[in-house]
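Take a look at the structure below.
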Amino acid sequence: MTPSRCPVTTPAPFPRHLPGSPISVISQPHPPGDSRRRSHRHSKLSRCPRAPTPLPFPSPRPGFTMNFEGLNPSLAEFAPPLHPALEPVLDPHLNPSLVELDPEGVSLEGLPVPESVHLMEGMYSELHTAVSEVGVPVSVSHFDLHEEMLWVGNHGGHATSFFGPTLERYSSFQVNSSDDIRQIQSLENGVLFLTKTNLKYLSRGGLIIFDYLSSDRRCPVSSHFPWREPCVPPGANSHSAVPFPLLPGQCQFCEPTGLANPADIFHVNTVGPLIMTFDVSASKQALAFGDSEGCVHLWADSPEVTFNAYSRETDFALPCMVDTLPHLDWNQDLVPLSLIPVPLTSDALLSDWPAANSAPAPRRAPPVDPEILRTMKKVGFIGYAPNPRTKLRNQIPYRLKEMDNEFDTFSQVPESPIGREEEPHLYRVAKKYRKVTIKYSKLGLEDFDFKHYNKTLFAGLEPHIPNAYCNCMIQVLYFLEPVRCLVQNHLCQKEFCLGCELGLLFHMLDLSRGDPCQGSNFLRAFRTIPEASALGLILADSDEATGKVNLGRLIQSWNRFILTQLHQETQEQEGPQAYRGAGSSSFGSSGDSVIGQLFSCEMENCSMCRCGKETVRVSSTLLFTLSYPDSTEKPAKDYEFAQILKRSICLEQNTQAWCENCEKYQPTVQTRNIRCLPDVLVINCEVNSSKEADFWKTQAEYSFQKAMMKRGGFDITKGKEIALGEWKDLGNPDTGHSYASVEELKNIWIPHAIKMRLTKSKELDVSNWSESDELSPMDDPESVYIYDLMATVVHILDSRTGGSLVGHIKVGETYHQRKEGVTHQQWYLFNDFLIEPVDKCEAVQFDMSWKVPAILYYARRNLNAKYNLVIKNPIEASVLLAEASLARKQRKCHATFIPLMLNEMPQAGDLVGLDAEFVTLNEEEAELRSDGTKSTIKPSQMSVARITCVRGQGPNEGVPFIDDYISTQEQVVDYLTQYSGIKPGDLDAKISSKHLTTLKSTYLKLRFLIDVGVKFVGHGLQKDFRVINLMVPKDQVIDTVYLFHIPRKRMISLRFLAWYFLDLKIQGETHDSIEDARTALQLYRKYLELSPQGSEPEEFRKVLKGLYEKGRKLDWKVPEPDSQSSPKHGAVFPPVLAL
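Positions in the sequence shown are counted from 1; adding 6 to them yields the numbering used here.
Written out as structure tokens, the structure reads:
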């Protein structure tokens, strides 16, 4: 081999053996007598002749080329034809005939060598040539020991790697800026590169792992790695190893003894004049030569050569597609836009439009595949269908612009910048149907005018609480008199019972005189029900605020859930706990529950297999879901609502079901028949797509045309099917008559009354009815039911606010009698805290572009006469007696309070000092306006943590009888210890040492005190009762914050009032509710002294003025004991003493 550098002098291991060559390449011989020399000589002689014979060239394998230049001409007869181009081989086969050698060249012990292994079989020839860097000599080459790669380094300090036998370029990077790469060694996690001045360790992709620099520039780094010596020293002088010089581009193999034969000379087709480097692969199947012009030549004995016996898989970078970007068809919804790579940049892209010039367009769920709907089998309200395999899993089309037939989108005309009032025709949704929000100020809700939205005496519900989307359904249940009485009579010991919480909420709605209530406790219990979470009824705040949820579908699921839950919880009324778990629910025994008597309907389900076997199963349902006919027929048929209702109740469908006779799933015909009629007919409309919406719209047009024809003197024969386009041939509907308003007849399809009858053969007959019509004497009232429409719940589609849910409710005579003292019926719109009377036609008008029906409630005529509507308060005095604490570490004796004895039970008019402490569950959401002021978007969500009640009279006046810490299962974000005195762990039953109870237990104590008629004395009780979620009559509340207050002046803190009037220093480091409740009672006593009979004489006004003057001087801060003596000695207090 052409030498250019002296051979290394450091002893090195024996080089790897070359199959097909009888003698190894040049290597430094071991000293005489070295055992290693004998051992590897022994291993050599066991495989090949020892004498230095000419290099034999057996017949080449088919498909190989051989370079014979410089060889014996007589060998030319072995030249085969040129082999075809080789395909890239990314997964080469492993050669099972290889024998692994240890670093000393000795075969590993325990690995037998088969006799069939012939190490001289291979014939080496040039396979591929690749260019590392043109014109820069290659300084070192190295076969990777772990992956199928060949590494090449050059004199310019640049490294390049090639993959596989085709020498595909894998990576290329600069190792040193000036020095040549002298040696390369591959390790498991990277590659070591040795230069004159440093040792650098890089990953195979070129990332630096470490870089070791020589500390002394005058002493260069060793030019080789001690654990591996190059097979042939690059550029070594051939006269030191072989007996004669070689021509440029030639190489020669010699025995370790240094003997050679001229016939052993190979010729490499080099681009440059010199061969600079040489390496052998670990598998002995490949040779690599590097020349002085930057080229590397791969010689092999097989086209499917492998560099290692067991190479691991190589990680490839993703192919660059910048130069060959695919064509994207914008008409295809499933084309992934990610096919176009986006460069990594810190600058803003042109497509990143500012928020002022763009609007977010959330991607809506695509419609369900018709094949899924066709093959779907329903079990209850859940459908199962096989996957049609028409799309990849989790693949959603890009639907940036919704199709015209999508039901839940419409072209919205922009709102006028002047406002909605000036140009209402530009805004589709009527103002009273829009989502209402509470505007918060510094005073919270105190200055918000709820009367502007509700001029009735009925109570609305506040919408800012999480999951308050169900407010309209709570109102519907409240205005069903039997349900209202049932839940208010219900009381159980279960901590989270929706029936109990609904009864407590209905009690507040009864007491309210137009003021809004909030269902915080009910919704708190609702969030703890596992079934509600499993059905997806618990919404995150972001989902509810951004309108990402289909509220129409959600409220229908909630309707089914609440009826089922109330039915389960009220089935057992005998024991103290009326709750029955979901697993033991049985709608068949509907008589056990008033909910079952009201809503439950016994159904007979018949399954007929094609083999003739019939299976009958009896079940019960609490509501019905409308099932619509196939809308493919054109022109669309005219259906009455009663026809669709009968079709939905007596449903017939074809589905796959298990047949015991056939012992396999068979196509069956399933029919459902009704056995009895419910007292309240609940209907889920299921208008969830454009198909159902178009059906409602078409039927409303038919009904409108019929009504106009009837007014115009035409009589439409019942049952006659007339296409929608044929109405023009019937004449002008407006001829001969004039009416006040035709708008009342538009968008109406459902009737205000329905007549249902069960025949003797148990067949159902349903027909539309009129409110004014009565039953004929021929009709049996036991089998013929007249249902009057009682409530409709609609989904308001509003792209600006995300939509909302409202309810139309016909409020009965008993409610008007209690609230207004009159007996009449009236339809009202309930939109959270907005309540407004509406016409009965408006309750059944559904403009499908923005007002979509969701739930219908039909109540049997004269329903209230069938049920006992007497409410007996279930809360007894026993709730005030001693009870056990939930805390495990609670002391045996209640040190902080003494429960009431039987002879201490409060009477009407007794005083009770009250104070409560709170913790924060959710922080306040606010925004800063451009003028620097803060606007509250959503207030912080508070939860009561401690409630204290002290005796207000008697020998034990001031002694607390309630001091309950409220256990909470929700995450607390701030304990407000400075203001509440509550510390982390006080509300945890495992580690708390306080008297820990449930919120329901303490709530019932306060409810009993309210029902008895006691008067609560406290400071800032309005906020306390609001967070506790209690409605207390105003004549039972004595709030010291208003007793010592001048109108249009600031409110004064309890701490300052106690210092000024009582010479007490309270609320030092933290607040204590017992101390605050006692102080409020003493302040009230002081007020009675200063203002006899509750009047406000001139002297008391002077006291208040002195109070405010003193407060302004001290900046409303209680002075320290050293700086200010008792206020009784001040200049302002003498008038108080004089009184």
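Just so you know, even glycine gets a beta-carbon here, dropped at the ideal spot from N, CA and C.
Residue closest to residue i, alpha-carbon to alpha-carbon, out of the options
i: E139; options: N275, H164, E769, S891; result: H164
i: L486; options: D217, L1087, N874, E707; result: N874
i: R1091; options: Q959, S998, V1038; result: Q959
i: L1060; options: V1047, L657, T621; result: V1047
i: M907; options: I1044, E1105, N962, A136; result: N962
i: H496; options: I1034, A995, T203, N879; result: N879
i: I972; options: R763, C257, I953; result: I953
i: C506; options: Y1009, L632, D321, D521; result: Y1009
i: M796; options: E777, L993, R623; result: E777
i: T312; options: E154, Y446, I841; result: E154
i: E669; options: S1097, F1050, K619; result: K619
i: Y484; options: T462, L515, E501; result: L515
i: N660; options: E666, L651, P673, N667; result: P673
i: R806; options: E658, V442, L208; result: V442
i: T166; options: L193, A136, W564, Q823; result: A136
i: Y176; options: N275, D150, L1089, K857; result: D150
i: T1003; options: S891, F454, P366, D845; result: S891
Residue i to residue j span [Cα, whole Å]
i: P757; j: K437; result: 26 Å
i: L517; j: W664; result: 55 Å
i: P1; j: V341; result: Since the displayed the chain opens at 7 and closes at 1145, residue 1 lies outside it and no answer follows.
i: P843; j: S654; result: 32 Å
i: G991; j: I997; result: 6 Å
i: V1018; j: F647; result: 50 Å
i: H273; j: S145; result: 19 Å
i: C257; j: L343; result: 56 Å
i: P392; j: D685; result: 39 Å
i: Q649; j: D771; result: 9 Å
i: A932; j: T926; result: 16 Å
i: I535; j: F502; result: 8 Å
i: K1040; j: E468; result: 20 Å
i: E1104; j: Q524; result: 41 Å
i: E1081; j: G558; result: 50 Å
Element boundaries [alpha helix (DSSP H), containing residue i]
i: R1084; result: 1079-1096
i: W564; result: 557-575
i: L517; result: 504-517
i: C478; result: 477-484
i: L379; result: 376-381
i: Q603; result: 600-605
Buried versus exposed, by CB contacts within 10 Å (16 or more), residue i
i: K206; result: buried
i: V850; result: buried
i: M6; result: A query on residue 6 cannot be resolved here, the shown segment of the chain reaching from 7 to 1145 and no further.
i: Y130; result: buried
i: Y864; result: buried
i: L1094; result: exposed
i: A474; result: buried
i: I802; result: buried
i: P1125; result: exposed
i: V799; result: buried
Start and end residues, beta strand (DSSP E) containing residue i
i: I815; result: 810-817
i: S843; result: Reading off the sequence shown, one finds Pro at residue 843, where the question assumed Ser. Taken as a continuous stretch (DSSP letters only), the beta strand (DSSP E) holding P843 covers 840-843.
i: A165; result: 164-169
i: R1056; result: Premise fails: R1056 is in no beta strand (DSSP E) and is neither H nor E.
i: S1049; result: This sequence places Leu at residue 1049; Ser is not what is there. Looking at the DSSP string, L1049 is not in any beta strand (DSSP E); the run it does join, the alpha helix (DSSP H), is 1046-1049.
> Counting Cβ pairs, one atom from each stretch, are 3 or more of them under 8 Å apart for the region 1006-1022 and the region 907-920?
Replying inline: yes
>> Under 8 Å: do the region 881-888 and the region 604-623 share three or more Cβ pairs, one atom per stretch?
In response: no
>> For the pair the region 273-290 and the region 301-316, tell me if three or more CB-CB distances fall below 8 Å.
In response: yes
> Per the contact definition of three or more C-beta pairs closer than 8 Å, is the region 853-872 in contact with the region 832-840?
Replying inline: no
> Pairing CB atoms from the region 1031-1045 with CB atoms from the region 1061-1074, are three or more of them under 8 Å?
Replying inline: no
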